[in-house]
Amino acid sequence: MSSQSGSAAAPESVIVVGAGSAGSVVARRLADAGVRVTLLEAGGEDTNPAIHDLSRMGELWHSPDDWDYFTVPQPGANGHRLHCPRGKVLGGSHALNAMIWVRGTPQDFDHWASLGNDGWEWERVLPVYRAIENYRGGGEPALHGAEGLLDVTDDYELSPIQQSIIDAAVEEGLERNPDYNGATIEGVSQQQITVRGGTRLNTYLAYVKPARDRIAVELGCHVHELIFAEPAAAGERPRVIGVRFAQGGELRELFAEEVILAAGAIDSPRVLLRSGIGPGEELREAGVEPRVELPGVGKNLHDHFLVPVIFGTEKPIDPPREGVSVTQSHLFWKSRPELDRPDTQPIHFSVPMYGDFLEPRGDNGFSLMAGLVTPESRGEIRLSGPRPEDPLLLDPRALSAESDVESLLASVRQCRRIGRRAALAAAPEDGGWGATEVYPGPEVGDGEDLVDYLRHTLATYHHQVGTCKMGVDELAVVSPRLAVHGVDGLRVIDASIMPRVTTGNTNAPSVLIGELGAQFVLAGER
Ligand SMILES: Cc1cc2nc3c(=O)[nH]c(=O)nc-3n(C[C@H](O)[C@H](O)[C@H](O)COP(=O)(O)OP(=O)(O)OC[C@H]3O[C@@H](n4cnc5c(N)ncnc54)[C@H](O)[C@@H]3O)c2cc1C
107 MSSQSGSAAA PESVIVVGAG SAGSVVARRL ADAGVRVTLL EAGGEDTNPA
157 IHDLSRMGEL WHSPDDWDYF TVPQPGANGH RLHCPRGKVL GGSHALNAMI
207 WVRGTPQDFD HWASLGNDGW EWERVLPVYR AIENYRGGGE PALHGAEGLL
257 DVTDDYELSP IQQSIIDAAV EEGLERNPDY NGATIEGVSQ QQITVRGGTR
307 LNTYLAYVKP ARDRIAVELG CHVHELIFAE PAAAGERPRV IGVRFAQGGE
357 LRELFAEEVI LAAGAIDSPR VLLRSGIGPG EELREAGVEP RVELPGVGKN
407 LHDHFLVPVI FGTEKPIDPP REGVSVTQSH LFWKSRPELD RPDTQPIHFS
457 VPMYGDFLEP RGDNGFSLMA GLVTPESRGE IRLSGPRPED PLLLDPRALS
507 AESDVESLLA SVRQCRRIGR RAALAAAPED GGWGATEVYP GPEVGDGEDL
557 VDYLRHTLAT YHHQVGTCKM GVDELAVVSP RLAVHGVDGL RVIDASIMPR
607 VTTGNTNAPS VLIGELGAQF VLAGER
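Residues in the sequence shown are numbered consecutively from 107, following my numbering.
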């Protein structure tokens with residue numbers, strides 16, 4: 107692998123592929139600095155009202171605004187193919203997500219830096235987070251920003267059931283943490299979310315929409331592959347000069363000084379692989395002529411995972427109503443005290459979340475979704491063939507590492523205990539909800555049967571990362587300045603560059619990657 111470092115002048119023109127969490131930030135920052143930016147997005151305008159109403163996120167799955175990916179059958183998840191929704195619309199996955207803002211822990215970023223990624227230490231990252239945020243909440247002001255483009259708030263009313271879930275978690279022994287993006291992440295908290303005026307605020311809306319007169323936004327553009335310059339001499343380093351994409355049934359080409367892939371952890375490696383950048387042998391098997399040997403492209407795929415623990419209640423829970431999210435609280439907990447950061451993050455829903463694999467047992471209830479956030483399992487993304495329409499082989503190898511099963515089991519057990527606490531389980535006349543466990547349910551014990559339940563009901567937390575990881579080792583795809591190793595004129599700036607997933611939801615780190623990536627482009631650092 108040939109690495110690259112040093113700096114040059116900032117480019118005059120740039121193509122950004124993908125108007126999601128990171129791509130929107132990159133496009134805006136470069137346009138602000140006078141760079142000519144074309145933003146190519148495969149999806150369309152964000153006209154679906156379900157995008158903007160906090161209570162209607164679920165309607166977006168399998169809709170035209172969802173790439174609607176599925177994994178290959180997962181042996182660690184009972185052979186199931188897991189649905190992986192991803193945003194295919196302006197705003198990307200930030201148009202489909204639950205808007206929860208979690209920066210991650212200092213250890214996450216210090217770990218990235220320890221791998222040779224200078225500049226990603228927590229002390230360098232924290233000021234960037236502060237500059238992103240327009241924070242309105244009860245946290246320590248010194249740790250938050252109030253001047254940024256992205257509104258982050260926990261200044262909204264908790265639904266009564268969500269308040270009781272928090273109370274039950276406190277009964278279970280967790281700290282009530284008023285600011286998990288503050289001094290410590292641990293404890294049970296109300297979620298901080300990116301909303302403005304009661305509706306979704308994503309980076310497309312906050313960064314690109316107000317600047318559309320300065321950014322050429324092209325919709326319905328499915329980028330298939332990169333275009334390379336003809337080498338002037340044998341052995342010359344390959345140079346990317348543009349992209350080839352389908353728009354309205356036509357194949358088009360567009361050229362710029364630099365191309366930035368911000369197509370997300372599934373599609374950025376896909377574009378690289380389709381362009382012959384990746385593990386040569388595998389590319390040949392898929393019918394693609396290798397151009398740049400980069401064995402790490404598509405490898406290191408990993409994700410957070412959820413398992414539902416569902417309760418029915420005697421006292422009726424208010425049905426979802428307009429403008430109110432069905433998830434408002436979560437907790438961070440170390441299942442083993444010796445860990446350096448929490449390995450679990452259950453997320454709490456005011457509705458039963460039966461998912462794809464459980465028989466619905468009534469509409470009235472709530473879900474404590476046990477959550478694994480420090481996975482050891484690693485999988486990969488591969489092409490099944492050379493054509494753009496050939497399905498992608500998406501294989502996270504979920505729960506292939508035994509330690510992941512252990513953490514998730516501990517989280518499921520904890521959720522079961524929380525549901526039995528008085529704030530939830532007491533009779534309504536005694537101030538509770540009369541909660542009883544519906545799933546796993548009394549027929550499932552605490553041993554191998556619980557492991558079977560966990561594998562049967564496993565779902566993604568939607569936090570795929572790592573497939574174009576940043577670093578300096580043999581499997582690194584981009585440099586610490588997010589330039590693709592071995593190629594000129596090309597960067598990846600999105601969630602795929604995380605060498606290891608952060609502890610918590612991945613949107614905030616993706617926005618951070620967008621901000622830092624734009625700084626590297628403008629500084630000409632490679
Ligand atoms: C259902 C769901 C819920 C989630 N909930 C949360 C949450 O509450 N909090 C949180 O922190 N994280 C959450 N996440 C995760 C978070 O949204 C992602 O980690 C983050 O959005 C990733 O940002 P990105 O810029 O890497 O990719 P994306 O935001 O996915 O952007 C990629 C963009 O590229 C476009 N694109 C892809 N391929 C091409 C191509 N070939 N040509 C042109 N354009 C292309 C896509 O259409 C998309 O617009 C959730 C994700 C999902 C799907």
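Every residue, glycine too, gets a C-beta built ideally from N, C-alpha and C.
Ligand 1 heavy atoms versus the CB of residue i: any closer than 7 Å?
i       : result
Cys-327 : yes
Glu-363 : no
Thr-211 : no
Asp-373 : yes
Gly-572 : no
Ser-169 : no
Gly-193 : yes
Gly-355 : no
Ile-206 : yes
His-569 : yes
Ile-147 : Just to set this straight, residue 147 is Glu in the shown sequence, not Ile. Glu-147: yes, Cβ under 7 Å from ligand 1.
His-217 : no
Thr-51  : Because the chain is modelled from 107 through 632, residue 51 falls outside the range shown and cannot be assessed.
His-200 : yes
Ala-125 : yes
Thr-144 : no
Ala-322 : no
Thr-305 : no
Thr-153 : no
Ser-616 : yes
Asn-613 : yes
Asp-261 : no
Val-584 : no
Tell me whether the beta-carbon of residue i lies closer than 8 Å to the beta-carbon of residue j.
i       : j       : result
Pro-673 : Val-394 : A query on residue 673 cannot be resolved here, the shown segment of the chain reaching from 107 to 632 and no further.
Leu-500 : Cys-190 : yes
Arg-467 : Asn-184 : no
Ala-201 : Ile-157 : yes
Ala-541 : Leu-188 : no
Pro-502 : Leu-407 : yes
Ala-384 : Val-365 : The sequence as given places Gly at residue 384; Ala does not occur at that position. It is not a contact, given that the beta carbons lie outside the stated cut-off.
Glu-494 : Arg-380 : The question names Glu, yet the displayed sequence has Pro at residue 494. Cβ distance < 8 Å, so Pro-494 and Arg-380 count as in contact.
Gly-463 : Thr-608 : Sequence inspection shows Phe at residue 463; the Gly mentioned does not correspond to that position. Contact flag unset, no.
Ser-517 : Ala-476 : yes
Phe-411 : Tyr-567 : yes
Ile-416 : Tyr-559 : no
Give the secondary structure of residue i by DSSP, where H, G and I count as helix, E and B as strand, and everything else as coil.
i       : result
Glu-621 : helix
Asn-287 : coil
Leu-232 : helix
Asn-613 : helix
Val-550 : coil
Gly-293 : strand
Leu-500 : strand
Ser-435 : strand
Cys-574 : coil
Asp-579 : coil
Thr-419 : coil
Leu-514 : helix
Glu-324 : strand
Phe-626 : helix
Ser-441 : coil
Ile-487 : strand
Arg-632 : coil
Glu-543 : strand
Gln-269 : helix
Ala-114 : coil
Asp-446 : coil
May I ask whether a heavy atom of ligand 2 can be found less than 7 Å away from the beta carbon of residue i?
i       : result
Asn-470 : Absence of ligand 2 from the depicted structure is noted, with ligand 1 being the only ligands included.
Please go through the segment 369 to 413 and give each complete beta strand (DSSP E) segment of 3 or more residues, from N-terminal end onward.
405 to 407
Do the segment 289 to 309 and the segment 204 to 220 touch if we need at least three Cβ pairs shorter than 8 Å?
yes
As an exercise, report each continuous alpha helix (DSSP H) stretch of at least 4 residues that is fully enclosed by the segment 169 to 253, in chain order.
212 to 220, 228 to 238
Are the segment 145 to 164 and the segment 426 to 443 in contact at 8 Å, needing three or more beta carbon pairs?
yes
Can you list, in chain order, the stretches of the beta strand (DSSP E) that have 3 or more residues and sit fully within the segment 116 to 144?
119 to 123
Count the C-beta pairs between the segment 483 to 492 and the segment 390 to 407 that are closer than 8 Å, then say yes if the count reaches three, no if not.
yes
Counting pairs of beta carbons, one from the segment 138 to 147 and one from the segment 253 to 266, are three or more of them closer than 8 Å?
no
May I ask you to verify whether the segment 269 to 281 touches the segment 522 to 539, counting CB pairs closer than 8 Å and requiring at least 3?
yes
4 or more residues per run - each alpha helix (DSSP H) lying fully within the segment 451 to 490
none
Closer than 8 Å is the cut-off here; do at least three beta carbon pairs connect the segment 318 to 328 with the segment 348 to 368?
yes
Inter-stretch contact (C-beta, 8 Å, three-pair minimum) for the segment 144 to 156 and the segment 218 to 234
no
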